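Participant: Handing you this structure, nothing more for now.
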Ligand code: B12
Ligand code: SF4
């Protein structure tokens, strides 16, 4: 058994988050149960705050459904609940032998509330995995029995085997758990998964195919995105990126046959596909082979992928993409400032980016850029300039993710006293969660909203309509609608930012670094008031039932 000693640097942030009272304190130690597992239920919750994809029907965690599919292949009775698709059926939860979750930061509060509820009422082992759980392992162990860090494809099966056979967990690589003595054990990291054969089985998701795309749009005002995986990991190592941390060094492609099979299986649900590969064209010759196969098999469908700017220099690749049905490429531009690229080790310049955009558009593919808002090198006009740039270069989309860092990161982008953590609910990237150097947090938040409204304005949409650009018009309408969904929450958040930034900026909105360094990091959590003791799902609908269960909860068995 290897018990990883967390470095002091790591320990401080984790203990600090725990101190934020997000957690219930007296977590029971994890036991080896020696039980036969039959029913496994996977549960996912929508983010605590609205986001750009609130109107999209798509499991929020690709990995959760993938892990469920792997487990299903072993013959277990598996069901997945994504609460934005179908409410969690607590009857099914209650009857389960194992519960698995995969929170994003902004859904973690809800997931914790759910896990607490399960733990306090039923004796069911609880497992959590994914990016958030990998970064916030100790915090997750306050609510869950087991955390599977990094890739979970193989570790989950080992864990299930150990539970079933009543073995100890010391040899399960990638697992963290509470030992019988109450201490936390972090086993050695799991090796990279070599066999990326498994496809996601979307039929496991309760309610997923209830509506055709037409009815989905008409009745629910939602669109369906189907996510595909052609590869995992990335050969680059940009300073800020989570991919090397999560999936290790290098890039692994899936076999072409398995990707084609994945598309063929998912085609029955729709034709709008997103390749979520960190870097779709990292292995260009393999990607070209895949595209040729997609063309020769006449798969049809519309595809989007994330690429790095330099892939666009290979025009044969772009031509094949167009023929295979690709409609749009996403590039993480992050900034329009070469200084930022140097700091991030992006190996890019603005000029090279522009050339890539033009090459992509030459092949009649749309380009969407995402930016980090609030970089220290950026001035207060950076967000507006990015939208100007998007309009000038006729980009299909311009998105902003506010620069942020996990307090747990070994090298956080900002010192903790420059981080803003109102609640983990706001950790989706849409909310300003730091004190930028050259603009007040509230001004940056307002600018992001205003500029996004400008980019996705109906006025621009009508312009596309006049030019007969239907695709552009509809995509703009959808984004305009999505933006309207979280507008109110952003406004409320601005009030909060104005309160906490008081006294830290001069008249030019320059941050007083000396003052901020002495800022007392305080947390006004929302966990208790919003979620604690409140049941999520469709099992209990009325307050009476809630009261009844709250009463039962007090006397519930705890191990
Ligand atoms: C592709 C992607 C998307 C796609 C598709 C996402 C999807 N739903 O499928 C799109 C573009 C739609 C998207 C949107 C958003 N995303 Co995104 N996305 C990614 C990206 C690039 C890859 C994620 C991925 O699928 N990897 C491959 C799969 C196989 O890995 P995985 O999901 O991590 O699963 C593995 C392990 O984690 C583990 N595992 C996962 N779950 C579970 C569960 C159990 C029980 C177990 C045992 C194991 C396990 O095993 C899996 C297999 O090995 C990551 C960055 C990155 N490089 O990881 C960001 C990332 C996940 N996204 C992020 C965010 C914030 C968002 C948005 C909220 C952004 C926004 N403001 O709009 C939105 C909306 C959220 C949503 N997901 O719907 C953050 C999440 C941070 C966090 N902890 O909250 C990330 C990490 C980017 C970042 N650095 O900030 N995203
Ligand atoms: S190229 Fe993209 S996926 Fe790869 S490390 Fe850089 S940011 Fe991450």
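Numbering (the working numbering), first residue to last: 1341 to 1899.
Quick reminder that beta carbons are idealized off the backbone N, C-alpha and C, glycines included.
As the structure is a computational prediction, the values presented were derived from the model and not from experiment.
(1) Could you tell me whether the Cβ atoms of residue 1628 and residue 1660 are closer together than 9 angstroms?
(2) Work out the CA separation of residue 1690 and residue 1707 for me, nearest whole Å.
(3) What three-state label does DSSP hand residue 1581 in the structure shown?
(4) Give me, in chain order, the residues of the same chain whose beta-carbon lies closer than 7 angstroms to that of residue 1719; leave out the 5 immediate sequence neighbours on both sides.
(5) With hydrogens ignored, establish whether the beta-carbon of residue 1618 is closer than 8 angstroms to any heavy atom of the ligand SF4.
(6) Which word fits residue 1449, buried or exposed, when buried means at least 16 other C-beta atoms lie within 10 angstroms of its C-beta?
(7) Thinking C-alpha only, which one of 1423, 1676, 1835 and 1752 is nearest residue 1545?
(8) What is the rounded straight-line gap between the Cα of residue 1699 and the Cα of residue 1733?
(9) Considering only heavy atoms of the ligand SF4, does any lie closer than 8 angstroms to the CB of residue 1695?
(10) Under 8 angstroms from any heavy atom of the ligand SF4, does the C-beta of residue 1686 make it?
(11) Return helix, strand or coil for residue 1793, following the three-state DSSP convention.
(12) Is residue 1368 helix, strand or coil when you go by DSSP?
(13) Please work out which residues of its chain come closer than 6 angstroms, Cβ to Cβ, to residue 1724, disregarding the five sequence neighbours upstream and downstream, and give them in chain order.
(14) For residue 1367, which residues of its own chain have a beta-carbon under 6 angstroms away from its beta-carbon, when the five flanking residues on both sides are left out?
(15) Mind reading off the beta-carbon distance from residue 1377 to residue 1500? Whole number of angstroms is fine, and I expect it under 8 angstroms.
(16) Cα-Cα, which of 1486, 1399 and 1503 is closest to residue 1523?
(17) How would you label residue 1606, buried or exposed, when you count the other beta carbons within 10 angstroms and need 16 or more for buried?
(18) On the criterion of 16 or more Cβ atoms from any shown chain inside 10 Å, does residue 1646 qualify as buried, or is it exposed?
(19) Kindly give me the distance between the Cβ atoms of residue 1772 and residue 1843, rounded to whole angstroms, as I take these residues to be in contact under 8 angstroms.
(20) Would the region 1510–1521 and the region 1568–1575 be scored as touching if the rule is three or more Cβ pairs under 8 angstroms?
(21) For residue 1613, count neighbouring C-beta atoms within 10 Å of its own C-beta (all shown protein chains included) and say buried if the count is 16 or more, exposed if not.
(22) For residue 1760, is the beta carbon positioned less than 8 angstroms from some heavy atom of the ligand B12?
(23) Output the distance between the C-alpha atoms of residue 1514 and residue 1529, rounded to the nearest integer angstrom.
(24) Just mark residue 1769 as buried or exposed, buried being the case when its beta carbon has 16 or more other beta carbons within 10 Å.
(25) Taking contact to mean at least 3 C-beta pairs separated by less than 8 angstroms, is the region 1816–1827 in contact with the region 1386–1406?
(26) Would a C-beta distance cut-off of 9 angstroms place residue 1775 and residue 1841 closer than the cut-off?
(27) Look up residue 1640 in the DSSP assignment and say whether it is helix, strand or coil.
(28) For residue 1480, which three-state DSSP category applies?
(29) DSSP beta-bridge partners for residue 1419?
(30) On the DSSP bridge list, what partners appear for residue 1645?
(31) Excluding five sequence neighbours on each side, which residues of the same chain lie with their C-beta closer than 6 angstroms to the C-beta of residue 1418?
(32) The beta strand (DSSP E) with residue 1593 in it runs from where to where?
(33) Give the DSSP-derived three-state secondary structure of residue 1660 in the structure shown.
(34) Compute the distance between the beta-carbons of residue 1739 and residue 1709, then report whether it is under 9 angstroms.
(35) Do residue 1666 and residue 1693 have their C-beta atoms within less than 9 angstroms of each other?
Facilitator: So, from the listed chains and residues:
(1) The residue you call residue 1628 lines up with position 288 of the chain shown. The residue you call residue 1660 lines up with position 320 of the chain shown. Yes, these two residues count as a Cβ contact at 9 angstroms.
(2) Locating residue 1707 in the chain shown gives position 367, counting from the first residue. Locating residue 1690 in the chain shown gives position 350, counting from the first residue. Whole-angstrom Cα-Cα distance: 15 angstroms.
(3) As a first step, residue 1581 must be located in the chain shown, where it is residue number 241. In the structure shown, residue 1581 sits in coil (DSSP, three-state: anything other than H, G, I, E or B).
(4) Position 379 of the chain shown, counting from 1, holds the residue named residue 1719. Only 1778 meet the Cβ criterion.
(5) Here residue 1618 corresponds to residue number 278 of the chain shown, with the count starting at 1. Yes, the beta carbon of residue 1618 sits closer than 8 angstroms to at least one heavy atom of the ligand SF4.
(6) Counting from 1 along the chain shown, the entry for residue 1449 is found at position 109. Buried, since its Cβ has 16 or more Cβ neighbours within 10 Å.
(7) Residue 1545 sits at position 205 when you count from the first residue of the chain shown. When each option's Cα is compared against that of residue 1545, the closest is 1423.
(8) Counting from 1 along the chain shown, the entry for residue 1699 is found at position 359. Counting from 1 along the chain shown, the entry for residue 1733 is found at position 393. Computed Cα separation, rounded: 12 angstroms.
(9) Walking along the chain shown from the start, residue 1695 turns up at place 355. It does not: the Cβ of residue 1695 is nowhere closer than 8 angstroms to a heavy atom of the ligand SF4.
(10) Within the chain shown, the letter at position 346 stands for residue 1686. It does: the Cβ of residue 1686 is within 8 angstroms (strictly closer) of some heavy atom of the ligand SF4.
(11) Taking the first residue of the chain shown as 1, we reach residue 1793 at position 453. It is helical.
(12) Indexing the chain shown from 1 puts residue 1368 at position 28. Here residue 1368 scores only 47 on pLDDT, less than 50, and its place in the model is too uncertain to base an answer on.
(13) Sequence index remark: in the chain shown, residue 1724 carries index 384 (1-based). Excluding sequence neighbours, residue 1724 sits near 1791.
(14) Working through the chain shown from its first residue, we reach residue 1367 at position 27. No answer about residue 1367 holds up, because its pLDDT of 45 lies below 50 and its placement is not dependable.
(15) Here residue 1377 corresponds to residue number 37 of the chain shown, with the count starting at 1. Here residue 1500 corresponds to residue number 160 of the chain shown, with the count starting at 1. Sure, about 6 angstroms apart at Cβ, within 8 angstroms.
(16) Here the question's residue 1523 lines up with position 183 in the chain shown. Cα-wise, what sits closest to residue 1523 is 1486.
(17) Counting from 1 along the chain shown, the entry for residue 1606 is found at position 266. Buried, because 16 or more other Cβ atoms sit within 10 Å of the Cβ of residue 1606.
(18) Start at 1 with the first residue of the chain shown, and residue 1646 comes out as number 306. It counts as buried.
(19) Within the chain shown, the letter at position 432 stands for residue 1772. Within the chain shown, the letter at position 503 stands for residue 1843. Contact doesn't hold; Cβ gap of about 17 angstroms is too wide.
(20) no
(21) Walking along the chain shown from the start, residue 1613 turns up at place 273. Counting Cβ neighbours within 10 Å, residue 1613 comes out buried, since at least 16 surround it.
(22) Along the chain shown, read from residue 1 onward, the residue named residue 1760 stands at position 420. False, no ligand heavy atom lies under 8 angstroms from that Cβ.
(23) Counted from its first residue, the chain shown places residue 1514 at position 174. Counted from its first residue, the chain shown places residue 1529 at position 189. C-alpha separation (whole angstroms): 4 angstroms.
(24) Your numbering for residue 1769 matches position 429 in the chain shown. The residue in question, residue 1769, is buried, as its Cβ has 16 or more Cβ neighbours within 10 Å.
(25) yes
(26) The residue given as residue 1775 occupies position 435 in the chain shown. The residue given as residue 1841 occupies position 501 in the chain shown. For residue 1775 and residue 1841, yes; Cβs fall inside 9 angstroms.
(27) One-based indexing of the chain shown puts residue 1640 at position 300. In this structure, residue 1640 counts as coil in the three-state DSSP scheme.
(28) Counting from one through the chain shown, the residue named residue 1480 turns up at place 140. Residue 1480 falls in the helix class under three-state DSSP.
(29) Counted from its first residue, the chain shown places residue 1419 at position 79. Looking at the DSSP assignment, residue 1419 forms a beta bridge with 1381.
(30) By 1-based counting over the chain shown, the position of residue 1645 is 305. DSSP, once it has assigned bridges, lists 1615 and 1669 as partnering residue 1645.
(31) Taking the chain shown and counting its residues from 1, one reaches residue 1418 at position 78. 1380, 1408, 1411, 1412 and 1544, listed in sequence order.
(32) Locating residue 1593 in the chain shown gives position 253, counting from the first residue. Residues 1590–1593.
(33) Locating residue 1660 in the chain shown gives position 320, where the first residue counts as 1. It is helical.
(34) Here the question's residue 1739 lines up with position 399 in the chain shown. Here the question's residue 1709 lines up with position 369 in the chain shown. Cβ distance < 9 angstroms, so residue 1739 and residue 1709 count as in contact.
(35) Taking the chain shown and counting its residues from 1, the one referred to as residue 1666 is at position 326. Taking the chain shown and counting its residues from 1, the one referred to as residue 1693 is at position 353. No, these two residues do not count as a Cβ contact at 9 angstroms.
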